[in-house]
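In terms of our numbering, the sequence shown has 287 at position 174, counting the first letter as 1, and numbering is strictly consecutive. For each residue, glycine too, the CB sits at the ideal point set by N, CA and C.
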Amino acid sequence: MTTAELTNSSPVIQRTGKEKFAIWFHQNRFWVLALLSGSIQFLFLYLMYFPPQTFETDDDIYEEIQFVDNVKVKQPDVEVPPAEGEIRKTDELKKEKVEDQRIVGAQNPFAIGATPPVDLSPGVKPPYTPEARSAGIEGMLVLELVVGEDGRVLRVRVLKGLGHGLDQSAVQTYYSKRFTPAYKEGKPITVKINVPIRFQLI
Numbered sequence: 114m115t116t117a118e119l120t121n122s123s124p125v126i127q128r129t130g131k132e133k134f135a136i137w138f139h140q141n142r143f144w145v146l147a148l149l150s151g152s153i154q155f156l157f158l159y160l161m162y163f164p165p166q167t168f169e170t171d172d173d174i175y176e177e178i179q180f181v182d183n184v185k186v187k188q189p190d191v192e193v194p195p196a197e198g199e200i201r202k203t204d205e206l207k208k209e210k211v212e213d214q215r216i217v218g219a220q221n222p223f224a225i226g227a228t229p230p231v232d233l234s235p236g237v238k239p240p241y242t243p244e245a246r247s248a249g250i251e252g253m254l255v256l257e258l259v260v261g262e263d264g265r266v267l268r269v270r271v272l273k274g275l276g277h278g279l280d281q282s283a284v285q286t287y288y289s290k291r292f293t294p295a296y297k298e299g300k301p302i303t304v305k306i307n308v309p310i311r312f313q314l315i
């Protein structure tokens with residue numbers, strides 16, 4: 114029997130698609146597994162660097178806007194520049210604070226051996242108020258003065274008052290007075306003195 118006769122007489126094997134795929138997979142299993150592993154690694158890296166994005170619906174946006182509208186926004190603290198009168202008042206307060214430091218150390222000139230200040234307008238007396246005059250108020254009123262190095266009256270306090278407007282009358286009068294400054298060792302100093310004032314109806 115010839116080779117041609119053997120070939121023609123050998124049976125033809127019919128394979129199913131499943132068997133063909135199994136044979137192909139067996140022959141190419143290395144490349145298939147390599148491709149599958151690479152695909153999984155690529156997908157992992159992609160998800161890690163590019164996370165899935167979420168999209169808000171119209172309802173979500175509406176609720177967010179409603180929530181923001183209900184939040185009370187605190188206004189920033191804005192310092193309003195003071196008016197001209199307020200600036201002047203602030204300057205006066207600063208000046209008073211500086212003077213207060215001088216007042217704190219003021220002492221009686223006789224206690225420290227200093228020359229006492231002298232009233233430059235002894236004839237100017239506090240006027241009687243109509244209320245005190247009509248009430249017939251008489252008596253002795255005592256003030257405490259702090260006289261500065263320049264002879265100005267820095268502070269006036271009532272140690273013994275009579276009321277009926279006489280205390281204020283005396284304070285206003287002595288705030289407007291000038292004195293010679295007190296001296297100690299040839300230098301002017303700030304001192305504290307008591308001034309008695311007699312009110313008597315004539």
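Report the option in the options whose CA atom is closest to the CA atom of residue i.
i    : options                   : result
R270 : Y241, T286, F134 and H277 : T286
V266 : R291, K238 and K133       : R291
A245 : G151, F223, K131 and I315 : I315
K238 : L148, F134 and P309       : P309
P240 : D280, R142, F134 and A227 : D280
Does residue i pass the burial test, meaning 16 or more other C-beta atoms within 10 Å, or should it be called exposed?
i    : result
F155 : exposed
L272 : exposed
A147 : exposed
A135 : exposed
Taking the CB atoms as reference points, tell me whether residue i and residue j lie closer together than 8 Å.
i    : j    : result
K297 : I216 : no
V255 : P230 : no
For residue i and residue j, which I take to be in contact (beta-carbon distance under 8 Å), what is that distance rounded to the nearest angstrom?
i    : j    : result
G101 : P294 : With the chain covering 114 to 315 only, the question about residue 101 has no answer from this structure.
I306 : L258 : 5 Å
S289 : T242 : Actually they are not in contact, since the Cβ atoms of S289 and T242 sit about 17 Å apart, beyond 8 Å.
Which residues in the same chain have their Cβ closer than 8 Å to the Cβ of residue i, if we skip the five residues on either side of it in sequence?
i    : result
G252 : L275, R311 and F312
H139 : none
L233 : G264, K290, R291, F292 and T293
G218 : T303
Using C-beta distances below 7 Å, list every residue in its chain close to residue i, excluding the 5 sequence neighbours before and after it, in chain order.
i    : result
E262 : P294, P301, I302 and T303
A248 : H277
Taking 6 Å as the limit between beta carbons, can you name the residues of its chain near residue i, skipping five residues before and five after?
i    : result
I250 : L275 and H277
E284 : Correcting the residue identity first, residue 284 is Val in this sequence and not Glu. Once the five neighbours on either side are set aside, the close Cβ partners of V284 are V269.
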